[in-house]
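The next block holds one structure in the form of structure tokens; read it before the comments.
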Amino acid sequence: MNPLAIQLTLHGAIVVLVGLLTGIPYGNAINRKQDENIVRAWRVAHSGLAMGGTTMIAISAVLSSLKLDPIFGLTLVWSFVVSGYGFCIALPYGAWVGHRGLSIEGPSQNKVVYAGNMVGAIGSLIGTLVLIFGCLNTLV
């Protein structure tokens, strides 16, 4: 198997693990009947990270079938890895401190969540564009 695919699988599995572990505070928030905003934040962290990591693993399965120049392969893999870890910071930390990080405004805690969200979103966007390019290039 392609070493880049193994890297993406490894980091995808770590992101899934973080997502699964956020199920603990998610379940606690439900059981303690905490405010719906807190429950929602932990739900987003739990499901979002599990889905993101699973997506990384799924992409790793097709990576070796794509016709990509080496630099594009590196870009695809590492943009998703950086994205996954950006969200691993933003989503649990945001749920813990009670900030959504949808704008740069507010206290430093919100700025950390915002930065993680931006890294996650930009990495996902770049990776997805390269993935589409790789698919189209392979079809031609």
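Going by the working numbering, the first residue of the sequence shown is number -3, and it counts up by one from there. Using N, Cα and C, we set each Cβ at its ideal position, and we do this for glycine too.
Pair within 9 Å by beta-carbon distance, residue i and residue j
i      : j     : result
Gly90  : His7  : no
Met114 : Val77 : no
Gly119 : Gly82 : yes
Ala46  : Leu72 : no
Gly44  : Leu13 : no
C-alpha distance - residue i paired with residue j, whole-angstrom precision
i     : j      : result
His95 : Val109 : 7 Å
Ile10 : Lys107 : 24 Å
Lys63 : Leu0   : 14 Å
Buried versus exposed call for residue i [16 or more other C-beta atoms within 10 Å across all chains shown]
i      : result
Asn24  : exposed
Pro21  : buried
Leu121 : exposed
Cβ separation of residue i and residue j, assumed to be a contact under 8 Å, to the nearest whole Å
i     : j     : result
Ile55 : Leu87 : That pair is no contact at about 20 Å.
Length-filtered (3 minimum) beta strand (DSSP E) runs lying within the stretch 13 to 95: none
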